[in-house]
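>
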DNA sequence: GGTTAAAATTGAATCGATTCATTCTACATA
DNA sequence: TATGTAGAATGAATCGATTCAATTTTAACC
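Protein chains in written order, with our numbering: chain C, 150 to 482; chain F, 150 to 482.
(1) Report, in whole angstroms, the separation of the C-beta atoms of residue 418 of chain C and residue 317 of chain C, which I expect to be a contact under 8 Å.
(2) Just by C-beta distance, which residues in the segment 393 to 415 of chain C are closer than 7 Å to chain F?
(3) Mapping the DSSP letters down to three states, classify residue 251 of chain C as helix, strand or coil.
(4) Buried or exposed for residue 469 of chain C, going by 16 or more other Cβ atoms inside 10 Å?
(5) Are the Cβ atoms of residue 230 of chain C and residue 442 of chain C separated by less than 8 Å?
(6) Would you mind telling me which residues of chain F sit closer than 9 Å to residue 463 of chain C, beta carbon to beta carbon, in chain order?
(7) Should residue 412 of chain F go down as buried or exposed, given a rule of 16 or more other Cβ atoms within 10 Å for buried?
(8) Comparing C-alpha positions only, which one of C/258, C/296, C/299, C/344 sits nearest to residue 287 of chain C?
(9) Pop quiz: residue 216 of chain F and residue 246 of chain F are said to be a contact at Cβ under 8 Å. What is the actual Cβ separation, rounded to whole angstroms?
(10) Between the segment 331 to 341 of chain C and the segment 362 to 381 of chain C, can you find at least three pairs of beta-carbon atoms closer than 8 Å?
(11) Could you name each continuous alpha helix (DSSP H) segment of 4 residues or more that falls completely within the segment 196 to 249 of chain F, going from the start of the chain to the end?
(12) For chain F, check one thing: does any of its Cβ atoms lie closer than 8 Å to the Cβ of residue 244 of chain C?
(13) Quick one: measure Cβ to Cβ for residue 326 of chain F and residue 381 of chain F, integer angstroms, because I've assumed they're closer than 8 Å.
(14) Identify, in the order they occur along the chain, each residue of the same chain with its Cβ nearer than 7 Å to the Cβ of residue 169 of chain C, setting aside the five sequence neighbours on each side.
(15) By the criterion of Cβ-Cβ separation under 9 Å, what are the contact partners of residue 222 of chain C in chain F?
(16) So what does DSSP say about residue 322 of chain F, is it helix, strand or coil?
(17) Taking all protein chains shown into account, decide if residue 285 of chain F is buried (16 or more other Cβ within 10 angstroms of its Cβ) or exposed.
(18) Using a Cβ-Cβ distance cut-off of 8 Å, determine whether residue 199 of chain C contacts chain F.
(19) With 8 Å set as the bound, which would you pick, yes or no: does the beta-carbon of residue 203 of chain C sit closer than that to a beta-carbon of chain F?
(20) Looking at the unbroken beta strand (DSSP E) that takes in residue 279 of chain C, where does it start and where does it end?
(21) Residue 330 of chain F by DSSP, collapsed to three states: which one?
(22) Would you mind working out which of C/339, C/477, C/424 sits nearest residue 410 of chain C, comparing C-alpha positions?
(23) Under 7 Å between beta-carbons, which chain F residues line up against residue 184 of chain C? List them in chain order, please.
(24) Name the DSSP bridge partner or partners of residue 418 of chain C?
(25) Helix, strand or coil for residue 467 of chain F, going by three-state DSSP, please let me know.
(26) At the 8 Å Cβ level, is residue 473 of chain F part of the contact set with chain C, yes or no?
(27) Suppose you measure from the CA of residue 161 of chain C to the CA of residue 310 of chain F; what does that come to, to the nearest Å?
(28) How big is the Cα-Cα spacing for residue 280 of chain F and residue 171 of chain C?
(29) Can you confirm whether residue 369 of chain C, when its beta carbon is compared against all beta carbons of chain F, has any partner nearer than 8 Å?
(30) If the cut is a Cβ gap below 9 Å, which residues of chain F does residue 358 of chain C touch?
(31) Our contact map puts residue 425 of chain C next to residue 428 of chain F with C-beta atoms below 8 Å; I'd like the distance itself, whole angstroms only.
(32) Against residue 234 of chain C, what residues of chain F qualify as contacts under a CB-to-CB distance less than 9 Å, listed in chain order?
(33) Quick check on this structure: which residue in C/337, C/315, C/300, C/454 has the alpha carbon closest to the alpha carbon of residue 351 of chain C?
(34) List the residues of chain F whose Cβ lies closer than 9 Å to the Cβ of residue 259 of chain C, in chain order.
(35) Residues bridged to residue 502 of chain F by DSSP?
(36) Once DSSP output is grouped into helix, strand and coil, what is the label at residue 164 of chain C?
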């Protein structure tokens, strides 16, 4: 079936130890032997068995990445960043999709433990990720992704979601809006909660009141449904801020279907600034997050933790969101 | 660090063989012992080391999935299908992104060999995936994804891209269009080539000539660039068919920027029917492919191949594409 | 040629779960 | 009491790469 190091050794007339040295410490092998063994490796098409290697070493060069929804372009970008950075350092990545379900998340964590991953990058589904601490005892590093932690036993890479919420509402207020609806997902999602906090902060300062519409899932269909609720509000808002772009695109569709003009009759802001925001019916104003950077930073952080061990200092990296103005917002009528 | 089976055995006062039996053949263990050992496993938080297990077994329960672009929602959907199906059967999946580069693809194949994956699902970047045959000698099953194969040593799951190209042009011709532009990617991408064949087939039948615009990468920016080329055509087409939705969205933006109205002045069809096609500036008519199904089918196929071994009969599954009509197409002016 | 230090090579032990031939137990039957 | 048998439990050998103490080879010098 597959060629083992032992066979290479036999064929090249050297010991297994030497072949191992050729692979891992070529500098201690004589030039002649090195060349001969390398040729044999090539001839036989030998690829070392990562299982055996890591079984002995006690750890692997694989990472796990658990995100709530790969179908969301924001997380796809994050995943690309993680992958690129990991692959550059010789790490392979298991990508898992928790679908915002705590149960699925736990299942995947177990799978990843079995696979002996060296570290797990996770955007946890529940607010209090205490169960993650247990991983550390297993020697598995954990870095929170798109989520801040107060715990000093983990790294985290996040974007300032409170500030993001603030920026959005500040911008709308500056435009002159005073009746604003905030379409958000479950309070249990920390990103949503934080953006909501930002919304409230600014609302207080500007002494306006903001209507909260809560959807159960952050997808386009739910966004479309939210429109009905918005339109039945006692006082019609002049602007809508959505917890992410996907929901915003749903809301947009709902509004346009009912003949409501954007931005003339209703301004609309999303969150994430996914690539498709530009191609939307009305190019969508949004709060941009450095998704790819988020992925890269988190992968580098966790790999550094894996390799430096004790010498590693846990870090909390926080990126800043940015307002990207497009056609879906303007002054209220 | 991590608890080994040996420690469980010691603590439960049984032999390692018995613990192993508890895990893999509980029916041969007496009820009393079974319970005691299971309790110990729980107490100690023991999770079997997949490396050691698979090293001995000679194979793993992991699959590799190599796609040209995870950022493309079509492939994201495929990946979800693969993941769901694999996870249901207890398999973990490495997701790799080849970026349409043969070099990256080869690099990932090597990584996957090292990780001892049981099978690889791949949408190959080059047309003649001869190098994949070599994987079979390693005992790694290979299933082509979104790509047909004539080779009877592999399974394949694909969508009839020729038919897809035909459907699109047939529809445009039926509407009355006779001047059509076909915006496609590199000829080296088989899906593109096949769709092109479909385009040509129908063009011949209807005796119309179709202008081919080739972009180097299948992304929105390239689509936008293609518009310049289209508009400089000696005879302006009345309809454009794009090789995928992402490119189509780019073309749409390019057209709208220049004040060309869709569909009044120009009809536009995409391919893939990604979720965002609905939310586009002009909801996009597209050729739908059962992406999720594609993923599920391919994962089930390869797992069946892995587990049945010789008894497995290689299959070529082919799905049919479907026309989804939205607002971006109508009769020519 | 002899001595010694440095360089190169060797190969048995190891990682942890599985396998399977062997041993042990319990219990029914002669 | 002796015998047979099914059921349960055992533990050494195994998978393949790595490690490292021990050994062999090479080079350098007097």
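We treat Cβ as the ideally placed atom computed from N, Cα and C, and that holds for glycine.
Quick caveat, the model's predicted, so the values are computed rather than measured.
Reading from the atomic positions:
(1) 5 Å
(2) 398, 401, 402
(3) helix
(4) exposed
(5) yes
(6) Those do not exist, as residue 463 of chain C stays about 19 Å from chain F at its closest Cβ, beyond 9 Å.
(7) buried
(8) C/258
(9) 6 Å
(10) yes
(11) 199 to 206, 222 to 237
(12) yes
(13) 20 Å between Cβ atoms; not a contact.
(14) 154
(15) 220, 222, 225, 425
(16) helix
(17) exposed
(18) yes
(19) yes
(20) Taken as a continuous stretch (DSSP letters only), residue 279 of chain C belongs to no beta strand (DSSP E), as it is neither H nor E.
(21) strand
(22) C/477
(23) Correct list: empty, because the minimum Cβ distance to chain F is about 21 Å.
(24) C/390, C/434
(25) strand
(26) no
(27) 49 Å
(28) 26 Å
(29) yes
(30) Neighbours of residue 358 of chain C on chain F: none; closest Cβ ~30 Å, over 9 Å.
(31) 7 Å
(32) Here the premise fails: no neighbours, minimum Cβ distance about 13 Å.
(33) C/315
(34) 196
(35) It is not possible to answer for residue 502 of chain F, since the shown part of chain F is limited to 150 through 482.
(36) coil
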